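S.K.:
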Amino acid sequence: MFGFSVSLTQQPSLSKIQKMQKVGFQLIYTSLVVPSDTLPVAMTHLQQLARFSKQHDLQLVVQITKQTKSLLPKLAKLSIQALIADESFSKDEVKELALNYRIILNASTLNIDCFQNFKGLNIEAWHDRYEQPFTGLDDTFFQQQNQLIQRENIPLGAFLMSDISTTLNNAPTLEKHRTSSVFAHAIELIQQGIQTIIISDDDLSEEATRQFTDWIHSNYITLYMTSYVLHNPIHQFTFHTRPDLSRDIIRLQESLSYFSENVLFGRSRGRKVGDITMNMLGMGSYAGEVHLVKVDLPENEHIFTIGKIRKEDQPLLSICPCNQKIKLEEMNTPIRKGISFT
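Numbering-wise (full-length UniProt numbering), the sequence shown opens with residue 1 and increments by one.
1. Between which residues of its own chain and D202 is the CB-CB distance below 7 Å, once the five residues before and five after are set aside?
2. Does V290 pass the burial test, meaning 16 or more other C-beta atoms within 10 Å, or should it be called exposed?
3. Could you tell me which residues DSSP pairs with Q3 in its beta bridges?
4. In its own chain, which residues sit with a C-beta less than 6 Å from the C-beta of M331, not counting the 5 before and 5 after it?
5. How about the segment 311 to 327 and the segment 215 to 224: do they share at least three Cβ pairs that are nearer than 8 Å?
6. Quick check: C322 and R242, are their CB atoms within less than 8 Å of each other?
7. Go ahead and pull the three-state DSSP assignment for R151.
8. So, are the CB atoms of Q81 and R51 less than 8 Å apart?
9. Note down the Cα distance separating F89 from I123, rounded to an integer number of angstroms.
10. Can you find at least 3 beta carbon pairs, one from the segment 185 to 197 and one from the segment 151 to 167, that sit closer than 8 Å?
11. In terms of residues, what are the limits of the beta strand (DSSP E) holding K325?
12. Determine the extent of the alpha helix (DSSP H) in which Y258 is found, giving its start and end residues.
13. Helix, strand or coil, according to DSSP, for A98 in the structure here?
14. In three-state terms, what does DSSP make of S165?
15. So, under 8 Å CB-CB, A107 and I149 are touching, yes? Tell me the CB distance rounded to an integer number of Å.
16. Cβ of S79 versus every heavy atom of the ligand MN: is any distance shorter than 7 Å?
17. Rounded to a whole number of angstroms, what is the C-alpha to C-alpha distance between G288 and T277?
18. Is A171 buried or exposed, if buried means 16 or more other CB atoms sit within 10 Å of its CB?
19. Would I28 and L49 be called neighbours here (beta carbons separated by less than 8 Å)?
20. Please classify G307 as buried or exposed, where buried requires at least 16 neighbouring CB atoms within 10 angstroms.
21. Between S318 and the rest of its own chain, which residues show a CB-CB distance below 8 Å, the 5 nearest in sequence each way excluded?
22. So what's E124 in DSSP terms, helix, strand or just coil?
23. Excluding the 5 residues flanking E301 on each side, which residues of the same chain have their C-beta closer than 6 Å to its C-beta?
24. Could you spell out the range, first to last residue, of the alpha helix (DSSP H) harbouring F212?
25. Do you know offhand how far H45's Cα is from L39's?
26. So E261 and F237 are in contact, right, with Cβ under 8 Å, and what is the actual spacing, rounded?
27. Start and end of the beta strand (DSSP E) containing A76?
28. What residue range does the alpha helix (DSSP H) around F183 cover?
29. Please classify P298: is it buried, with 16 or more other beta-carbons within 10 angstroms of its beta-carbon, or exposed?
30. Rounded to a whole number of angstroms, what is the C-alpha to C-alpha distance between K337 and T305?
31. Determine the burial state of D248: buried for a count of at least 16 other Cβ atoms within 10 Å of its Cβ, exposed for fewer.
32. DSSP beta-bridge partners for N106?
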């Protein structure tokens, strides 16, 4: 499941929420961890958010602290499906909250004793988001903690940055995800068994919006590219990665049937990560096969480079599985703000 974040410090943007729902996001995360003098305004915004989420069948998850526990009677009147309870709540208080809500605990601090204390409760474990640079989780620790939690069959969640927001709250769980490759990072988390992935904002770029839409509704991985060939038809086709996964390249299975008699001519050079290449006639029966390059490779006079995957999507190449549907989408211009192909 995919979710997105809405701040209670300002009035929720219903148009942005509708856009994210149309993409296929099913959950809204928000937080009552706000300065005490802004709490009345935050509650007003939360009431609006709860009404809208109920009308549009979106799950609403609210983060609370012990300082906002006095608001629980008001929260009980709203359509809230889950509460995130931090470490300030005792185990008895968590059990009490679990009588009325699904409870989400901090996945990074759970241990075996916690599992025993909360056995039988309707709980999930989400990792926090880390706003300050260099404070995000270490990848090895993240994986070890997830393995511990997964053995207890507790659903996991984690946060990713939006690729366009510049707000302080737009932060990831993992430090290595503090980049604009939001869709690539989402696929990585899915492969690691994370069931709920939350974007730390309520908006995405046009490119990421298309990628999430294609994935959620059609299970496509859409890769944005720039072409080195005039009138390159490659974006017109849908491909699958071959069932026998190669180490250094992704071989697009249908490309032989598409291009064996219509080989495109690009430029021959040393192949770099992200290059889109095509076998020339000198490759015999493999002529026309299209490859996506995962690692730097030497030049081959019979293999021409016909395009380049944008930098933000290149992490997908190393994690793309076999038999995966792929669509190559050509960018309108190879260089524009926030997009690079180097």
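By construction, the Cβ of each residue, glycine as well, lies at the ideal position given by its N, Cα and C atoms.
Every value quoted in this text rests on a predicted model; they were computed, and no experiment measured them.
M.R.: Put simply:
1. Residue mapping note: residue 202 aligns to position 202 of the sequence shown, counting from 1. Excluding sequence neighbours, D202 sits near F4, S5, V6, S13, K16, I17, M20.
2. Taking the first residue of the sequence shown as 1, we reach residue 290 at position 290. Here V290 is buried, its C-beta having at least 16 other C-beta atoms within 10 Å.
3. Locating residue 3 in the sequence shown gives position 3, where the first residue counts as 1. Reading off the sequence shown, one finds Gly at residue 3, where the question assumed Gln. For G3, the beta-bridge partners assigned by DSSP are L27, I198.
4. Translated into positions along the sequence shown, residue 331 becomes position 331. Annotation for M331: Y224, T226 place their beta carbon closer than 6 Å to its own, counting only its chain and skipping 5 residues before and after.
5. Enough Cβ pairs lie closer than 8 Å, so yes.
6. Taking the sequence shown and counting its residues from 1, one reaches residue 322 at position 322. Taking the sequence shown and counting its residues from 1, one reaches residue 242 at position 242. Less than 8 Å divides the Cβ of C322 from the Cβ of R242.
7. Walking along the sequence shown from the start, residue 151 turns up at place 151. DSSP places R151 in coil when its eight states are reduced to three.
8. Here the question's residue 81 lines up with position 81 in the sequence shown. Here the question's residue 51 lines up with position 51 in the sequence shown. The answer is no: Cβ separation not under 8 Å.
9. Mapped onto the sequence shown, residue 89 falls at position 89. Mapped onto the sequence shown, residue 123 falls at position 123. Between the alpha carbons of F89 and I123 lies a distance of about 14 Å.
10. Taking 8 Å as the limit for Cβ pairs, the verdict is that the segment 151 to 167 does touch the segment 185 to 197.
11. Here residue 325 corresponds to residue number 325 of the sequence shown, with the count starting at 1. Its beta strand (DSSP E) spans residues 325 to 330.
12. By 1-based counting over the sequence shown, the position of residue 258 is 258. Residue range 255 to 259 is occupied by the alpha helix (DSSP H) that includes Y258.
13. Here residue 98 refers to the residue found at position 98 of the sequence shown. Note: A98 maps to coil in three-state DSSP.
14. Sequence index remark: in the sequence shown, residue 165 carries index 165 (1-based). S165 falls in the coil class under three-state DSSP.
15. As a first step, residue 107 is located in the sequence shown; it is residue number 107 there, counting from the start. As a first step, residue 149 is located in the sequence shown; it is residue number 149 there, counting from the start. Contact check for A107 and I149: beta-carbon distance about 6 Å, within the 8 Å limit, so the pair qualifies.
16. What this structure holds is no ligand at all, so the ligand MN is not there to describe.
17. Taking the first residue of the sequence shown as 1, we reach residue 288 at position 288. Taking the first residue of the sequence shown as 1, we reach residue 277 at position 277. Straight-line Cα distance between these residues: approximately 9 Å.
18. Translated into the one-based positions of the sequence shown, residue 171 becomes position 171. Only buried fits A171, as 16 or more other CB atoms lie within 10 angstroms of its CB.
19. As a working note, residue 28 is residue 28 in the sequence shown. As a working note, residue 49 is residue 49 in the sequence shown. Result yes, Cβ atoms of I28 and L49 sit closer than 8 Å.
20. Residue 307 sits at position 307 when you count from the first residue of the sequence shown. Per the 10 Å Cβ criterion, buried.
21. As a first step, residue 318 must be located in the sequence shown, where it is residue number 318. Within the same chain, S318 has close Cβ partners K294.
22. Translated into positions along the sequence shown, residue 124 becomes position 124. DSSP places E124 in the strand class (E or B) of the three-state scheme.
23. The residue given as residue 301 occupies position 301 in the sequence shown. Cβ within range, chain order: S268.
24. On the sequence shown, residue 212 is found 212 positions in, with the first residue counted as 1. Residues 206 to 218.
25. On the sequence shown, position 45 is the one that residue 45 refers to. On the sequence shown, position 39 is the one that residue 39 refers to. Their backbone Cα atoms lie some 10 Å apart in a straight line.
26. By one-based count along the sequence shown, residue 261 stands at place 261. By one-based count along the sequence shown, residue 237 stands at place 237. Not quite, the Cβ-Cβ distance comes to about 15 Å (not below 8 Å), so this is no contact.
27. Residue mapping note: residue 76 aligns to position 76 of the sequence shown, counting from 1. Unbroken run through A76: none, as it is neither H nor E.
28. Walking along the sequence shown from the start, residue 183 turns up at place 183. Looking at the DSSP string, the run of the alpha helix (DSSP H) that includes F183 is 182 to 191.
29. As a first step, residue 298 must be located in the sequence shown, where it is residue number 298. Answer is exposed; the Cβ neighbour count stays below 16.
30. Here residue 337 refers to the residue found at position 337 when the sequence shown is read from its first residue. Here residue 305 refers to the residue found at position 305 when the sequence shown is read from its first residue. The predicted model places K337 with a pLDDT of 35, which falls under 50 and marks its position as unreliable, so this point remains unresolved.
31. Along the sequence shown, one-based indexing puts residue 248 at 248. The residue is exposed, with fewer than 16 neighbouring Cβ atoms inside 10 Å.
32. Taking the first residue of the sequence shown as 1, we reach residue 106 at position 106. Within the DSSP bridge table, the entry for N106 names W126 as partners.
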